[in-house]
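**Q**
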Amino acid sequence: MPLKISSQYVFDYQKRILFPAQYTLTKSGRVDVKLPEVVGRGYGTFWRHKGRYRAVKGSRASKKSKTAALWYIANMMKYPQANTLVVRKTFRTLKDSCFTELKWAIHRLGVDAFWETKESPLEMTYRPTGQKIYFRGLDDPLKVTSITVEQGCLCWLWIEEAYEISSEDDFNMLDESIRGAVPEGSGLFKQITLTLNPWNEHHWIKKRFFDAAPDPDILAMTTNYLCNEWLDEGDLKVFETMREQNPRRYRVAGLGDWGIVDGLVYENWEEKLFSVEEVRALKGVKTVFGLDFGYTNDPSALFCGFIDQGSKTIWVFDEMYKPGMSNEVIADEIARMGYGKEKITADSAEQKSIARLQELGLKGIRKARKGPDSINNGIDFLQDYHISIHPRCVNFITEISNYTWDTDSKTGKKLNRPIDDFNHLMDAMRYACEELTRKSKVSFFK
């Protein structure tokens, strides 16, 4: 039987595993987290569900990602033969999202001494047993399907920002990777968890999980910031302001409802894998960059694209999309991405920021030119182009698939202006293409 050996630790002699004392021990010797103290409200069903699928859509600050991270750390310690695979559409986004959330969960549970975290390769190891958490991106599918675990079996899969996975076939590939029998008597179960912001009601996840007939293998739930008891007054004020000033966004980013997308600004686009070097080498193709500045909660967005006026084609090949970036961080990130010497057209409303970025080494940055009715003129120009988007540009895909014409709140009629939302990379794209409109004396300034 497990024995409490100090005020901090409990030792399970049968499994030869040391556990932190904030866990409670059941009669079977299992280790359980005290949910109200560690996780908080709103996720009891999520925590206990052992069916094949857990799909959780929710607003920002709804605790969905943090609760998932806590669940994986706690349950890998609870089940000594469990291993976990964490997936996002692009590998490069994992370190600053899921990896960071899981490190937070380790610290939150007070088990730092029992976990080893490595960034090269990106993985986590539970020291007492050798169990691992693996991280993979769908941009390298061979690495997803070729994982061999050293201890136990691969039984759990967490797909974070699952909305980014636009192809159900990609999900099916992941689903098939979690196959095979679990060790007899281990108590293990196979499970796939999807966490997402529900931007678009036409996404395949809605039909497959949220519209499905009742099935004990499927838990589909919605959470929002109202179940997060750890938000302070400032956090709550953000949502209250959103509710008053942007009801459409509040329904999705605040309450976790499915986004209703009607009247897209850009319809002539596709997600397509292409060779950046091959496109760059095409005759007549120009490289264009645009920068939209963010704030504390809004992202700074860098658009990286190619444009060919002859074929009326735009290729979107890279992006930067992060909130809370200072000018120094923006300059460092753009240089790290390899675009520090490129010509970049930026929002001219931030002239001090542009001057500072020039001082920091971005000599090619310049302000966009302001012109009458610039947003609509810019949209008119870009609507003539076919936009091909590299799969790694997940934020661009999210924005362009949700960037719609605004609606009159009283009459319900479409207005001749786009919504003031999902527009950071959309504005950056207009700035990037501004030079090509000089002959028509039109500039595209937000």
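Each residue of the sequence shown is one higher than the one before, counting from 1000 in this note's numbering.
Note that beta-carbon positions come from the ideal geometry of N, C-alpha and C, so glycine has one too.
All values reported here derive from a predicted model rather than from experimental measurement.
1. Where F1273 and H1389 are concerned, what is the direct C-alpha to C-alpha distance, given to the nearest angstrom?
2. Looking only at its own chain, which residues have a Cβ that is under 6 Å from the Cβ of L1088, when we skip the five neighbours before and after it?
3. How should A1073 be labelled, buried or exposed, when 16 other C-beta atoms within 10 angstroms of its C-beta is the threshold for buried?
4. Check this for me: beta carbons of E1277 and F1302, under 8 Å apart or not?
5. Assign R1029 to one of three DSSP states: helix, strand, or coil.
6. Please look up how many angstroms separate the CB atoms of S1185 and Y1071, rounded, as I've assumed it's under 8 Å.
7. Note the first and the last residue of the continuous beta strand (DSSP E) segment covering G1136.
8. DSSP beta-bridge partners for T1312?
9. Below 8 Å on the Cβ atoms is my guess for F1292 versus S1299; work out the distance and round it to an integer in Å.
10. Could you name each continuous beta strand (DSSP E) segment of 3 residues or more that falls completely within the stretch 1168 to 1249, going from the start of the chain to the end?
11. Taking buried to mean at least 16 other C-beta atoms within 10 Å of its own C-beta, is L1414 buried or exposed?
12. Quick one: residues in its chain with C-beta nearer than 7 Å to the C-beta of D1407, no 5 flanking neighbours on either side, listed in chain order?
13. Closest to K1271 by C-alpha separation, out of S1166, R1059 and H1048, would be which residue?
14. Use the C-beta contact count for Q1382: other C-beta atoms within 10 angstroms, 16 or more gives buried, fewer gives exposed.
15. Kindly indicate which residue of Y1133, D1168, E1160 and P1140 has the alpha-carbon position closest to the one of C1154.
16. Name the DSSP beta bridge partners of M1123, please?
17. Go ahead and pull the three-state DSSP assignment for R1365.
18. To the nearest angstrom, report how far apart A1431 and L1424 are at their CA atoms.
19. To the nearest angstrom, how far is it from the Cα of Q1350 to the Cα of K1366?
20. How far does the beta strand (DSSP E) with V1148 in it reach, from first residue to last?
**A** According to the structure shown:
1. Numbered from its first residue, the sequence shown carries residue 1273 at position 274. Numbered from its first residue, the sequence shown carries residue 1389 at position 390. For F1273 and H1389, the distance between alpha carbons rounds to 7 Å.
2. The residue you call residue 1088 lines up with position 89 of the sequence shown. The amino acid at residue 1088 is misidentified as Leu; the sequence shows Lys. Contacts found: L1137, E1163, I1164 and V1393.
3. Numbered from 1 along the sequence shown, position 74 holds the residue referred to as residue 1073. Under this definition A1073 is a buried residue.
4. Against the sequence shown, residue 1277 aligns to sequence position 278. Against the sequence shown, residue 1302 aligns to sequence position 303. No; because the gap between Cβ atoms is not below 8 Å, this pair is not in contact.
5. Walking along the sequence shown from the start, residue 1029 turns up at place 30. Caution applies to R1029, whose pLDDT of 47 falls short of 50 and renders its modelled position unreliable; the value that the coordinates give is listed next. It is coil, neither helix nor strand.
6. Taking the first residue of the sequence shown as 1, we reach residue 1185 at position 186. Taking the first residue of the sequence shown as 1, we reach residue 1071 at position 72. The Cβ separation is near 17 Å, so there is no contact.
7. The residue given as residue 1136 occupies position 137 in the sequence shown. Looking at the DSSP string, the run of the beta strand (DSSP E) that includes G1136 is Q1130 to G1136.
8. The residue you call residue 1312 lines up with position 313 of the sequence shown. Answer is D1307 and H1385.
9. Position 293 of the sequence shown, counting from 1, holds the residue named residue 1292. Position 300 of the sequence shown, counting from 1, holds the residue named residue 1299. Correct: roughly 6 Å between the Cβ atoms.
10. 1190 to 1195 and 1217 to 1222
11. The residue labelled residue 1414 in the question sits at position 415 within the sequence shown. By the neighbour-count rule (16 or more Cβ atoms within 10 Å), L1414 is not buried but exposed.
12. Position 408 of the sequence shown holds residue 1407. So the qualifying residues of the chain are L1414.
13. Within the sequence shown, the letter at position 272 stands for residue 1271. Here the closest residue by C-alpha is S1166.
14. For the purposes of this step, residue 1382 is taken as the residue at position 383 of the sequence shown. Exposed is the call here.
15. For the purposes of this step, residue 1154 is identified with residue 155 of the sequence shown, where counting begins at 1. Minimum Cα distance to C1154 is reached at Y1133.
16. Within the sequence shown, residue 1123 is the residue found at index 124, counting from 1. The partner list for M1123 (beta bridge, DSSP) reads T1116 and I1132.
17. Taking the sequence shown and counting its residues from 1, the one referred to as residue 1365 is at position 366. Reduced to three states, the DSSP call for R1365 is strand.
18. As a working note, residue 1431 is residue 432 in the sequence shown. As a working note, residue 1424 is residue 425 in the sequence shown. Straight-line Cα distance between these residues: approximately 10 Å.
19. Residue 1350 sits at position 351 when you count from the first residue of the sequence shown. Residue 1366 sits at position 367 when you count from the first residue of the sequence shown. Roughly 7 Å separates the two Cα atoms.
20. As a working note, residue 1148 is residue 149 in the sequence shown. Element bounds for V1148: n/a, residue is neither H nor E.
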